[in-house]
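Protein chains in written order, with this note's numbering: chain U, 1130 to 1438; chain Y, 1130 to 1438. All C-beta atoms, glycine included, are put in the ideal place defined by N, C-alpha and C.
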């Protein structure tokens, strides 16, 4: 008897569900805006059912979920697993609970690193994408976003360490709520302004909280037009991130190999530009990294073997 | 005939008016929350009159104003003067216009530096405070705030160059609108958390957009209690600023002398702590630097001489 499973990519602002066959084929996928932050009063089961109840009725299959759904604000907290971590080690640490007699929910833990150093770092969901991208040993994976992650992946897909950069969140805060946004005109793209900002961020990376002020002064002095200022700031912030990440010791040691970019197409394009300016080569991971990561962890956890037994 | 003048410290969120005698004594002072951002439809004259009309009726005296009132969003734009700048050079570049037959308004220009470098920087109002503080040659003045300024002051109070750090604005954005604020409990102070944050910011200054994420992970890992997280983040941001400013070439060259702190008492205390951690000595400027700066510029401009003629 073949039995599929349901893959849930359940982040802060979105929920994406994919029905995967026992052979690892994608049978169907759906998404909803019911991210973790949109779920009121812990009504996670209801959110899940409203998207997937027919799949459950048809298949009574297990579910594997990753992302903020396993955070303290999520459905059930899935405690962090310390780096170095592999699909196998995480598969042994799933947080599993029954939704019914026949249906079990498995939440993939997030990863933690930095114990004993100056600061901890954490990720939830990106580990699954990295494993789905199935990169060569000693690769740096970059996952641009609200909280960008730079991860160093070793042998056997071991995530050795990683660092978070609050690039996307800073961009959002500074443009939506801050003084920098007041001179800006949104909606256009300006590649030249983006590159100029990126070069400034790369050159002056050790002056981060100073150099972002350039997105005001370049506007005041008419060096960058209002419609170019959003991209100018975006360039500065990504430049700061890329140069900072490049200077981290472990990350720099693998810098001769191409970096693997995992994420949204337009964001990856921005990072490609800045990585090139900084002297990094890059390649893109294929689409569907999250589902492939779920398949990999489900296999390691014996969920797919059990399903096809 | 003795004639006083009115000193206006008119910033983004506050307006402070001081009546100064021709001998330079403070006769009275008042303030209102009618900062530049609170004035609707260019009603600056009305805002001014509602605070000072009796003084004008009694004295018909000139007015000297500094701060954002001279910005593009202010009453009349007072074009920037380039560094190096002195009270004398600025006194020659006042933007003056009549409010009536007998009353003239003089707006002090802001300063600009960085022409020909990677970025311009600007200040409006802080130049007046620096001149009011009347520091020794080759002193670094630090003016903590929403947009902190670090200025290098040479002979004859010449402001040679300066740099802005968006420390206060970042703190506000990250705590009020960002994910870091979600784990925080506000209202308490936690000196230990502040010092720990400052040390992290000082140590890891070249990783600014990464290290601020510690204000999330330290909360998640229960290293800092929720009530300590605001001060932890404040420490990180001030630590980043102090270390960055210290590394700027011209600023570092004067680092053996005490830094002069100009500003709000509680903010200056925070900076004293972090400056000490970073190996800087500091002293405080006396109260009333803005009014003393206005007196100095009024004297250079001949406004006080004319008044006492």
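With 16 or more other Cβ atoms from the protein chains shown falling within 10 Å of its own Cβ, residue 1173 of chain Y counts as buried. Of U:1226, U:1288, U:1419, the smallest CA-CA separation from residue 1268 of chain U is found for U:1288. Within the model, the alpha-carbon separation for residue 1195 of chain Y versus residue 1336 of chain Y is close to 36 Å.
Under the rule that a run must span 4 or more residues, no alpha helix (DSSP H) segment is found entirely inside the segment 1271 to 1300 of chain U. Within the model, the alpha-carbon separation for residue 1424 of chain Y versus residue 1139 of chain Y is close to 16 Å. Residue burial is scored here from C-beta neighbours: residue 1359 of chain Y has at least 16 other C-beta atoms within 10 angstroms and is therefore classed as buried.
Residues of chain Y whose Cβ lies closer than 7 Å to the Cβ of residue 1210 of chain U do not exist, since the nearest Cβ in that chain is about 14 Å away. Here the segment 1167 to 1186 of chain Y makes contact with the segment 1144 to 1151 of chain Y; the two share three or more CB pairs at distances below 8 Å. DSSP, read as helix, strand or coil, puts residue 1341 of chain Y in coil.
Residue burial is scored here from C-beta neighbours: residue 1250 of chain Y has at least 16 other C-beta atoms within 10 angstroms and is therefore classed as buried. Between residue 1221 of chain Y and residue 1239 of chain Y, the CB-CB gap reaches or exceeds 7 Å. Fewer than three pairs of CB atoms, one per stretch, sit closer than 8 Å, so the segment 1348 to 1357 of chain Y makes no contact with the segment 1223 to 1235 of chain Y. Secondary structure at residue 1259 of chain U: helix, using DSSP grouped into helix, strand and coil. Residue 1370 of chain U places its beta carbon 7 Å or farther from that of residue 1275 of chain Y.
DSSP, read as helix, strand or coil, puts residue 1161 of chain U in strand. Excluding sequence positions up to five before and after residue 1361 of chain U, its CB lies within less than 8 Å of the CB of 1319, 1322, 1323, 1325, 1326, 1343, 1344, 1347, 1353, all in the same chain and listed in chain order. In terms of Cβ geometry, residue 1217 of chain U and residue 1385 of chain U do not form a close pair [threshold 7 Å]. Nearest in C-alpha terms to residue 1158 of chain U, of all of U:1201, U:1180, U:1426, is U:1180. For residue 1414 of chain Y and residue 1280 of chain U, the gap between their C-alpha atoms comes out near 47 Å.
Around residue 1162 of chain Y, the same chain offers 1142, 1143, 1144 as residues with beta carbons nearer than 8 Å, after the five sequence neighbours per side are excluded.
Where residue 1315 of chain Y is concerned, there is no enclosing beta strand (DSSP E), because DSSP gives it neither an H nor an E. Counting the other CB atoms within 10 Å of its CB gives residue 1333 of chain U a total of 16 or more, which places it among the buried residues.
Along the segment 1244 to 1272 of chain Y, going in chain order, the ones with a CB nearer than 7 Å to a CB of chain U are 1247, 1248, 1249, 1250, 1251. Contact annotation for residue 1299 of chain U against chain Y: 1299, 1302, 1303, 1307, 1338, 1341 [CB-CB distance below 9 Å, chain order].
A straight-line Cα-Cα distance of about 21 Å links residue 1330 of chain U and residue 1329 of chain Y. In terms of beta-carbon proximity, residue 1411 of chain U stays away from the interface with chain Y, with every pair separated by 7 Å or more.
Residue U:1389 holds the alpha-carbon nearest to the alpha-carbon of residue 1410 of chain U among U:1377, U:1396, U:1399, U:1389.
Judged by beta-carbon spacing, residue 1198 of chain Y lies within the 7 Å limit of residue 1165 of chain Y, meaning their Cβ atoms are closer than that value.
Around the beta carbon of residue 1315 of chain U, fewer than 16 other beta carbons lie within 10 angstroms, which makes this residue exposed. Put simply, the CB of residue 1400 of chain U is far from chain Y, with every gap to its CB atoms at 7 Å or more. Straight across, the Cα-Cα distance linking residue 1300 of chain U with residue 1304 of chain Y is about 15 Å. Using a CB distance below 9 Å, the part of the segment 1359 to 1393 of chain U facing chain Y consists of 1366, 1369, 1370, 1372, 1373, 1374, 1376, 1377, ordered along the chain. When only Cα atoms are considered, residue 1367 of chain U and residue 1294 of chain Y end up about 18 Å apart.
Interface criterion met: the Cβ of residue 1296 of chain Y is under 7 Å from a Cβ in chain U.
Residues of chain U with a Cβ closer than 9 Å to the Cβ of residue 1332 of chain Y are, in chain order, 1247.
Contact annotation: residue 1273 of chain U and residue 1396 of chain U have beta-carbon atoms nearer than 7 Å.
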